[in-house]
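Worksheet: one structure, shown below.
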Amino acid sequence: MSDIGYKLHRLLLHIVLMAICIVTVFPLVWMVTAAFTPNDMIMARAFRLWPENPTLSNFTTAASRHPIWMWLWNSMLTATLITVGKLVLSVPAGFAFGRLEFKGKRALFWFVIATMSFPNVLAIIPTYIAVVKLQAFNTYGAMIIPSIPYIGFYVFYMRQAFRSLPASMFEAARMDGSGLWRQFTEIGIPNVIPAIAALSVISFMGAWNIYLWGQLVLDDAFKKTLTTGIAAFADLEGAERAWGPLMATSLLSIVPVLLIFLLAQRFIVDALAPGIDDR
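For the sequence shown, full-length UniProt numbering assigns the number 1 to the initial residue and increments by one for each residue that follows.
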C-alpha cells in the first residue's frame, strides 16, 4: 500500500470511528441537556448541546412526584450488599483454586467456569417461585440474595490473581508456621487488592443495573431501585410527556456508576486482561 493509500485508509477509519462515537454519545448528550432544560421547552426548540436557560426544576419536579431519593438509597444499598456478598464467596474460592491442592480441583474449577455460560434468565422462574414460597416477595433480601451466587467470572479472576503471586511467599509463610488462614489474610489478600478493587467495581455496576429481577420481586414504590423506578416513572409520565423530570431521574441513575467507572477504569481493564490458566 502506498503512502497516500495508507493515509487515506487511516483518514477513512477515523471518520467512521468518529461517526460511530457521535451516534453512541448523542443519546447521553441529549439526556443531559434535557435534564437541565425546562420541560415545556424540550420539544419546542431545536436540539442544543447545552440548555439555553439551565434549570434544576426537573429534579425537584421528579422528587415531588416520585421517591427518587429513596430509589437512589435502595440502589446504593442493594448494589453494595450484592458486591460484598460476591466478594465474600469468590475471594476465598479463588484462593482455594489458585493456591491449594485437593481432590477434584480441576473438575470443580471447570464446572465453575461452565456456569458462566448458563443464561441467568433460565433461573428466574424457579427462583421467583422460591422467593414467593419463602414469603420474601417485595423485600430487599429477595433482590439481594438471589443475585449473589452468579460468581463464575469472579472466582476465575481471583484464581488467576492468586496464581500470579510467587509461590515462594507462601512457602516461606508455611516454614514460619503460618496456617492457611494467615496465608490467605496476611499474604494473599494484601497482594491482590487491585484485583479485588476491579471486581468490586464490576460487581457494583452490574448490581446497580439489575432491572428484570427487580421488576419481578419489588412491588412497593418505596423499595424500588432507580433502575426499576425509572420504568414506573416512564409509565406514569408518558402521557404527560414529562421528559424533563424523566431525563433528570435517568441522569441521576448513571452519575454514581459513571464516577466509579472513571475512577477505577484502570482496574477494570486489568480485570479483563488475564487469560485462562488450565494447569
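We put the CB at the ideal spot given by N, CA and C, even for glycine.
Quick one: is the Cβ of residue i within less than 7 Å of any heavy atom of the ligand FAD?
i: P54; result: Judged by which ligands are present, the structure shown has none, so any question about the ligand FAD falls away.
Confirm, please, whether the CB-CB distance from residue j to residue i is below 8 Å.
i: T78; j: S200; result: no
i: L216; j: Y128; result: yes
i: R106; j: P245; result: no
i: N138; j: L165; result: no
i: M143; j: L49; result: no
i: A63; j: W243; result: no
i: residue 304; j: W71; result: Outside the displayed range of the chain (1 to 279) lies residue 304, so it cannot be described from this structure.
i: W208; j: S147; result: no
i: F184; j: F95; result: yes
Taking only the alpha-carbon atoms, compute the straight-line gap between residue i and residue j and give it to the nearest angstrom.
i: A231; j: M31; result: 16 Å
i: A195; j: Y157; result: 8 Å
i: I20; j: W73; result: 35 Å
i: S117; j: F153; result: 10 Å
i: I193; j: F204; result: 16 Å
i: A136; j: I145; result: 10 Å
i: I15; j: K133; result: 56 Å
i: T55; j: H9; result: 45 Å
i: M43; j: V257; result: 28 Å
i: Y6; j: I22; result: 24 Å
i: V88; j: L28; result: 35 Å
i: F102; j: N120; result: 29 Å
i: A239; j: V112; result: Any reading at A239 must be qualified, since the residue scores a pLDDT of 46, below 50, and its modelled position is unreliable; the value itself is stated next. Rounded to whole angstroms, A239 to V112 spans 47 Å at the Cα level.
i: D176; j: V91; result: 24 Å
i: V131; j: W110; result: 29 Å
i: T228; j: L12; result: 41 Å
i: N58; j: E52; result: 15 Å
i: T24; j: D3; result: 32 Å
i: A221; j: T249; result: 15 Å
i: R279; j: R266; result: Interpretation of R279 is limited by its pLDDT of 44, a score under 50 that renders its predicted location unreliable; no figure is taken from the coordinates.
i: T115; j: L263; result: 30 Å
i: R174; j: F261; result: 38 Å
i: I125; j: L108; result: 26 Å
Return helix, strand or coil for residue i, following the three-state DSSP convention.
i: D40; result: helix
i: I151; result: coil
i: R48; result: coil
i: Q265; result: helix
i: P54; result: coil
i: T255; result: What sits at residue 255 in the sequence shown is Val, not Thr. Residue state, collapsed to three classes: helix.
i: A167; result: helix
i: A19; result: helix
i: N191; result: helix
i: residue 280; result: Residue 280 lies beyond the range of the chain shown here (1 to 279); nothing can be said about it.
i: F162; result: helix
i: E186; result: helix
i: K133; result: helix
Thinking just about the alpha-carbon of each residue, which of the options is nearest to the one in residue i?
i: P38; options: M247, F204, A264 and F170; result: M247
i: F162; options: G188, L180 and N138; result: G188
i: L180; options: L100, L56 and Y128; result: L100
i: Q160; options: N209, K224 and A93; result: A93
i: A198; options: H66, K86 and K7; result: K86
i: L259; options: I202, Y211, T228 and K223; result: I202
i: G98; options: F261, V155 and P67; result: V155
i: T80; options: G206, S250, F222 and G229; result: G206
i: residue 287; options: T61, I4, P67 and S75; result: As shown, the chain starts at 1 and ends at 279. That puts residue 287 outside it, with no answer to give.
i: Y140; options: G104, A114 and K223; result: K223
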